[in-house]
Structure formats: C-alpha cells, structure tokens
Amino acid sequence: MSFMAQFRTFGWPSRLLMINQFGINLGFYMLMPYLAGYLAGPLGLAAWAVGLVLGVRNFSQQGMFIVGGTLADRLGYKPLIVAGCVLRTGGFGLLVFADSLPAVLIASAATGFAGALFNPAVRAYLAADSGPRRVEAFATFNIFYQAGILAGPLVGLALLALDFRIVAASAAAVFAILTVAQLFALPQHRVTPQGERTTVLQDWRTVIRNRSFLLFSTAMIGSYVLSFQVYLALPLHAKALFPAHESLIVAMVFVVSGLVAVAGQLRITRWFTQRWGSGHSLVIGMLILAAAFTPMIAIPNVERWGGVAAVTALVVAAAVLAVGSAAVFPFEMDTVVSLAENRLVGTHYGFYNTIVGVGILAGNLATGALMQAARDAGRDEIVWIVLTAIGLIAAAALYRLDRTGRLVPESAKTTTHAA
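So the number in the working numbering is just where the residue sits in the sequence shown, counting from 1, plus 20.
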C-alpha cells in the first residue's frame, strides 16, 4: 500500500492530526535552528544569555509535559491542542518585536510550554482515534513529523535572507493557521470517565505505581540520547572534520536523515511488524541505533583514511540512526498506550516525555563533555564507543523487559492466562 493510500484509510481526526504535526514541525524548525544566531548577532545578547533563553525554552517544554498530559486527560485533547497552537503563535509573534532579554525569555517560555500542552494531547488523540491500528497510525504520523523537520530549516533559511523577524512572523502565521484549523475542523474528543472522580495527585500516583511503564520509560532514554546526536554530536563532529564546510556537511546529515525517515518509514514498520511483535521490534531498533556509530569508530577523523571516508562515515551514521528511529517510534508510542491500559493516556505520555527529556539533558551534557575530553586526548573514537555502549545497554534492558512480560499490560496477561 502506498503512503497516500494508507493515509486515506485513517479517519478524519487522525489525518488532520498528521497534517497538523507537519505544520507544527514546519513552523518550529523554520525558526529554532536560527534563533541562537539571531540572539547573539542582531540582538547582541551575551553567550550566557543565549544559553539561558534556550535553556528556559527546553525546561518550559520538557518540565511541563506532565502538566500538559494531565490537563489533556481532564479537559479533553482538542482544547489542549488548540491552546498550545495559540500560545506558540503568541510566542513566535513576540519574537518579531522582542528586543530585550526579558521579552525574549517570555517568548521562549511560551513556545516551550506550548509544546508541553499539545504534544501529549496529539499523541493521545491519535492513539484513541486509530484504535487497533496504532502502530500504522504512528508510522504514518512520523512521516509527517520528519517531513516537517526536513522542510522547516530550508524554508527558514530562505526567509532568513530577508530578515529573522520575517522568519518569526512566518512561523507565527503557520501556528495561527493551525489554530484555526484545529479549532474548527478537529472534532472534540470526549474524556472518558474513569470510574469515580480522582484528583491530579491520585492520577500521578497511578502512573508512578505503574512499574512496567516506568522501567520502559527509563530504558527508552537510550533511544532518545542516541537519536538526538543528529543535533549535537554529528554537527560538532562535522565542524571538527572540516570547519570551512561545516554548514554543507550538516545540511547533508539533515537531508539524508530526513529523506530516509520519510521514504522508508512505512516499509520499515511493515517489515518489522511482519517479523516481530512490538517488544522484539523495539530491541532490534535499539540495536540498529547502537550500530549507527560503528562507522565513526572505524573512521573517527580525517587522519585515518582521509576526509572523504570520514564524511562518508558521518553521513552513513546519520542514515542508520534514521532507520533505527523509524523502526522504534511506532512501537514505542504503541507500547506507552498499552502499558497505560488505555487509561490516563495523556498523563502517561506527559510522564514519558518528561522522563526521556531529563535523560536527553543529562545525555547531552555528558556527550558534550566527553567529546571535548576525547578530542583533547586525541582519541576521537571514544565518544562513539560510549554511545554504542549506551545503545547496547538500552537494548539489553528492553530485551529483559520483553522476556519478563513487562512490555505487555497486566490485563493482557490475565486474559491470556485465563484463556
């Protein structure tokens, strides 16, 4: 089945959510890659201030996912999606006029919190609407997700030739259009009553007591730490290889990564689905992510086999990372819903995103420090060896969870045993 044919088999809410996600990533990535340069350049902020702005944006999103997911379960998915789009419209709109650190901080916090509002709600709504076809739905969703990441920086780069404020205004316009589309075209998804009414703290305790879910979330930190290196370690490595051609090499990395994800997602998901269940697919996908860094272990710098070989190893690593991420994502999203047992799905997604977000932060700090130490020691391959080891440890953890039945909800185990 072709991409468009599969896309048309989903209901209207799922299709709108997929298109919405393309717009979200288009608007976000047309601006965010160039924000640091604008803050340090035309606005003239100090390096510490730029770091503060980016840190506030990250914390206001990662740290508030729990709040967004909880509100989605209590108020419904559509209100949180619309509210998030409205808030990001305002945040990016403020960047058009912001010329001081306080104004930029407010705008940055708004754009981050917006993501915390709509991200869990979008995924929970898509899971509810697609029902038993969750894996297929999230595979198709990821194509739109990756296409937005691929197109956003290119559109932003073209607009940046005019002025960054034009980029910010255009990004705000994208989210304004999304707001209207979600407000008038997205059906309301009613919150299903879960027995007697509970408090927020009771809902959070329900999630925290879900040991299988917490173990799975912790194991999946490895996946996010590895896949995020497309934004951190690979660009830094490109700069170390060829400082004069850094932008070109980084562009190649992003284009290859995006094209592999967009073109291969459905084929990869079908191939994994036909051969393994969710648990086995997660383990194999994690092993692929771990294997992505082996080319750079073999060719860590230009001194070993030359510049062409080093750049080729870098691009191959990006491609394999994209394959691994495409293999993992649909089964990962499906497993979160399964372990939540279709109860408090938004809250579970909120907790999940927060847990892996903290892991990404710690992983990025450690990776950056390790890269510098490895370069100072003249052993560039150390960082890639460590990242590979992280992937192998995460794969072993997932394998253990799968073998012990931790990736299957308790209700499914009871049903199987009774049968």
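Ideal Cβ positions, reconstructed from N, Cα and C, are used throughout, including at glycine.
Query	Result
Between the CA atoms of L307 and L114 - distance to the nearest angstrom	43 Å
As assigned by DSSP and simplified to three states, the class of Y251	coil
Residue from T199, Q166, P320 and G326 whose Cα sits closest to the Cα of S247	Q166
The region 272-284 / the region 359-367 touching (three or more Cβ pairs under 8 Å)	no
Nearest-angstrom beta carbon gap, A239 and L421 [assumed within contact, 8 Å]	6 Å
Secondary structure of S301, DSSP reduced to three states	helix
Neighbourhood of A346 by C-beta distance below 7 Å, restricted to the same chain and skipping five residues each side	N162, A281, G284, Q285 and I288
Residue range of the alpha helix (DSSP H) that includes L63	Counting along the chain, L63 falls outside any alpha helix (DSSP H), and DSSP gives it neither H nor E.
Rounded C-alpha distance that separates Q6 from L100	The requested residue 6 is not part of the displayed model; the chain covers only 21 to 439.
Secondary structure of M52, DSSP reduced to three states	helix
Contact under 9 Å by Cβ, G388 with L279	no
Under the three-state DSSP convention, the category M38 falls into	helix
As assigned by DSSP and simplified to three states, the class of A439	Note that A439 has pLDDT 42, beneath the 50 cutoff, so the model's placement of it is unreliable and the number below is only indicative. If DSSP states are grouped into helix, strand and coil, A439 belongs with coil.
Where the alpha helix (DSSP H) through S150 begins and ends	L121 to S150
Contacting residues, own chain, Cβ-Cβ under 8 Å from P263 (five flanking each side not counted)	none
Integer Cβ distance of F48 from G172, believed to fall under 8 Å	7 Å
The region 90-100 touching the region 173-190, judged by at least three CB pairs closer than 8 Å	no
Residues near L59 by beta carbon distance below 8 Å, same chain, minus five either side	L65, A69, V70, V73 and V124
Three-state secondary structure (DSSP) of N362	coil
Option nearest Q222 by Cα separation, candidates Y244, T367 and W296	T367
Those runs of the alpha helix (DSSP H) which lie wholly inside the region 267-347 and span at least 4 residues	298-311, 314-318 and 322-325
Short Cβ contact (9 Å threshold) for I241 with G379	yes
CB contact flag (S243, V348, <9 Å)	yes
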